[in-house]
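Right, one structure below, let's go through it.
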């Protein structure tokens, strides 16, 4: 019995209980003696109640063993990302974007110094390091010519698009001020703004060119039962600002996963834009209801082209099962219905919140998917009819150039554009409490975005990135985007060997390829 009592006092919470009772007794004595106002008793009584509650509850072991003190764990957990980011994160650390990647966007958006001193911080000898082969005969590339005409022979209104455009982000996911700033920036910089699947809002109509994305929910062009409405689609598709139409099959952040708009986010304004009932929970299915196979998909795209009076139409997907993609391309070649573009979204895409299993383990990475799509289109002899758009974690001119080398004609940048607005990578996008007012619907937060200021930052990021791209490809000996080739980009695959993208992704050896290997030097 005595031993059990001793064990009781050896328990961690015994010290906490002793200090709590001592604190309560001391304040009580001081209050009874007139030294302190009796109101001070609230403090020790509050501590006593918390300690007692933690001791006798059975839900949290750490609070039961360490009453009151155990609660500090939750505080430290809540501020851990901020502490790490501001005090311990290195220049090349940080996920999904490093501090250096974020910083270059901030600098280009603000037209600040964009040079780095004292050499590279990355390790060129690490496996996975990527680099480009420069030329001793550099050329001059003009960024004003970095435009691509989207539209094949069946397109009546082809669109001359900038090589760099704003990736898909919906109003609802982003705030009204963020959307307005992005669209005004697109107008200033003469590039396109993808609406995301949430429909065309008033904030998208600020003068910038639009790529209208339509997902499985058909928001903005759905009837009362949630099915596709040709009448509503035609009304929106023929707006002067809408330059291209994109059907979303899947996205890199959550391929094969649907979406859900909770009732508390479904405000009357959001409901009006999406053609849904306000304050109701709305599900976006994982698959479309207008088509169930590749033939019906292509017929649907042809229908959209007609309803939009010949504007460029295409579809977006994250590639999963290769044979399914091959079947779509095979069907195109057979019936000769070609979309004007295909957007390849890499698994590293991240503007949609999703379960961990879908974000981390589902879908093909962008580089692999781009190379596969490019090769497949060439295999069936229809590459010349279709433009490829790369979407997924594009920040720098090197990111753009390597994607073009793998087959991309155009590039989407979503999170890069968010950084230009002031995103600090707080990783609170799905909480509705974005501290800089980008991914939130709380007025107290989104009012912090000055649209007239941020739109210039978006345009500046675009302009300076294209200038960097011109300098970069010029150093490689290219005068224009069409000359960029996969045999000029390399990846270290072992400790003593580099392989070109041509060797890695396209399985062919070029006589101009150089494999840097210590074995070859012996």
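Numbering (the numbering used here), first residue to last: 41 to 562. No residue lacks a Cβ here, since even glycine has one placed at the ideal position from N, Cα and C.
1. If you run the structure through DSSP and keep just helix, strand and coil, what is residue 60?
2. Could you tell me if residue 286 is buried or exposed, where buried requires 16 or more neighbouring beta carbons within 10 angstroms of its beta carbon?
3. State the CB to CB distance for the pair residue 400 and residue 358, rounded to an integer number of angstroms; the pair is presumed to be in contact (CB under 8 Å).
4. For residue 340, which residues of its own chain have a beta-carbon under 6 Å away from its beta-carbon, when the five flanking residues on both sides are left out?
5. Do residue 335 and the ligand SAM come close, with the Cβ less than 8 Å from some heavy atom?
6. Considering just the uninterrupted stretch of the alpha helix (DSSP H) at residue 539, what are its terminal residues?
7. Since residue 254 and residue 275 should fall inside the 8 Å C-beta cutoff, what is the C-beta to C-beta distance between them, to a whole number of angstroms?
8. Exposed or buried, what is residue 550 when buried is set at 16 or more other beta-carbons lying within 10 Å of its beta-carbon?
9. Apart from the five residues just before and just after residue 240, which ones in its own chain have a Cβ nearer than 8 Å to its Cβ?
10. I need the boundaries of the alpha helix (DSSP H) containing residue 156, first residue and last residue.
11. Looking only at its chain, what residues have a beta carbon closer than 8 Å to the beta carbon of residue 360, apart from the 5 residues adjacent to it on each side?
12. Going by alpha carbons, who is nearest to residue 207 out of 311, 288 and 86?
13. For residue 442, I'd like the list of residues in its chain whose CB is within less than 8 Å of its CB, leaving aside the five on either flank, ordered along the chain.
14. Could you tell me which residues DSSP puts in a beta bridge with residue 324?
15. Helix, strand or coil for residue 54? Go by DSSP, reduced to three states.
16. Inspect the CB distances between the segment 434–454 and the segment 466–483 and report whether three or more fall short of 8 Å.
17. For residue 87 and residue 457, what's the separation of their Cα atoms in angstroms?
18. Count the other CB atoms within 10 Å of the CB of residue 348; is the residue buried (16 or more) or exposed (fewer)?
19. Bridge partners for residue 201 per DSSP, in chain order?
20. Are residue 510 and residue 446 touching if we call contact CB-CB under 9 Å?
21. Where residue 559 and residue 164 are concerned, what is the direct C-alpha to C-alpha distance, given to the nearest angstrom?
22. Classify residue 160: buried if its beta carbon has 16 or more other beta carbons within 10 angstroms, exposed otherwise.
23. Are there 16 or more other CB atoms within 10 angstroms of the CB of residue 492, so buried, or fewer, so exposed?
24. Residues bridged to residue 427 by DSSP?
25. Could you say if the segment 361–377 and the segment 409–421 meet the contact criterion of at least three C-beta pairs nearer than 8 Å?
26. Three-state secondary structure (DSSP) at residue 434?
27. Can you give me the C-alpha to C-alpha distance between residue 537 and residue 545, rounded to a whole angstrom?
28. Can you list, in chain order, the residues of its chain whose CB lies under 8 Å from that of residue 67, leaving out five sequence neighbours each side?
29. Rounded to a whole number of angstroms, what is the C-alpha to C-alpha distance between residue 100 and residue 94?
30. Using only alpha-carbon positions, find the residue among 136, 57 and 397 that is nearest to residue 388.
31. Residue 496 and residue 228 look like a contact to me (Cβ under 8 Å); what is the Cβ gap, rounded to whole Å?
32. Do the CB positions of residue 145 and residue 501 come within less than 9 Å of each other?
33. Using only the alpha-carbon positions, how far apart do residue 45 and residue 98 sit?
34. Which runs of the alpha helix (DSSP H), 4 residues or longer, sit entirely within the segment 221–300?
35. Who are the Cβ neighbours of residue 174 in its own chain at under 8 Å, not counting the five residues just before and after it?
36. Would you decide whether residue 562 is buried or exposed? Buried here means 16 or more other CB atoms lie within 10 Å of its CB.
For this structure:
1. Helix at residue 60.
2. Taking all protein chains in view, the Cβ of residue 286 is crowded by 16 or more other Cβ atoms within 10 Å, so the residue is classified as buried.
3. Not really, about 13 Å apart at Cβ, beyond 8 Å.
4. The residues are 330 and 331.
5. Summarising the ligand content, the structure contains no ligands, and the ligand SAM is consequently not present.
6. Careful: residue 539 lies outside any alpha helix (DSSP H), inside the beta strand (DSSP E) at 537–540.
7. With a contact defined as Cβ atoms closer than 8 Å, residue 254 and residue 275 miss out at about 13 Å.
8. Since pLDDT at residue 550 reaches only 38, below the 50 mark, its modelled position is unreliable, and no value is offered.
9. Hits under 8 Å: 250, 252, 260, 276, 279, 282 and 313.
10. No alpha helix (DSSP H) contains residue 156, which DSSP labels as neither H nor E.
11. By the criterion of a C-beta distance shorter than 8 Å, residue 360 is surrounded in its chain by 290, 295, 296, 402, 403 and 404, once the five residues flanking it on both sides are discounted.
12. Minimum Cα distance to residue 207 is reached at 288.
13. These residues qualify, in order along the chain: 170, 172, 407, 529 and 541.
14. Looking at the DSSP assignment, residue 324 forms a beta bridge with 299.
15. Look at residue 54 here: in three-state DSSP terms it is helix.
16. Note that the segment 434–454 does not touch the segment 466–483; fewer than 3 beta-carbon pairs, one per stretch, sit closer than 8 Å.
17. Answer to the nearest angstrom: the Cα atoms are 47 Å apart.
18. Here residue 348 is buried, its C-beta having at least 16 other C-beta atoms within 10 Å.
19. Residue pairing for residue 201: DSSP places it in a beta bridge opposite 188.
20. No Cβ-Cβ contact shorter than 9 Å links residue 510 with residue 446.
21. With a pLDDT of 39 at residue 559, under the threshold of 50, the modelled position of this residue cannot be trusted; read the value that follows with caution. Taking the straight line joining both Cα atoms gives about 18 Å.
22. That one is exposed.
23. Exposed, since its Cβ has fewer than 16 Cβ neighbours within 10 Å.
24. DSSP output for residue 427 lists 381 as bridge partner(s).
25. The answer is yes - the segment 409–421 touches the segment 361–377, with three or more Cβ pairs under 8 Å.
26. Residue state, collapsed to three classes: coil.
27. Each residue's alpha carbon lies about 16 Å from the other.
28. If we look at residue 67 and ignore the five residues flanking it on each side, its Cβ neighbours are 76, 80, 81, 83 and 84.
29. Residue 94 has its alpha-carbon roughly 8 Å from the corresponding atom of residue 100.
30. Nearest option by C-alpha distance: 136.
31. 7 Å between Cβ atoms; contact.
32. Pairing residue 145 with residue 501 gives a Cβ-Cβ distance under 9 Å.
33. With a pLDDT of 49 at residue 45, under the threshold of 50, the predicted position of this residue should be treated as unreliable, though the coordinate-derived value follows. Rounded to whole angstroms, residue 45 to residue 98 spans 22 Å at the Cα level.
34. The segment 221–300 contains these whole alpha helix (DSSP H) runs: 270–277.
35. Around residue 174: 515, 516 and 517.
36. With a pLDDT of only 38 at residue 562, under 50, the local geometry of the prediction cannot be trusted, and the value read off the model is given with reservation. Counting Cβ neighbours within 10 Å, residue 562 comes out exposed, since fewer than 16 surround it.
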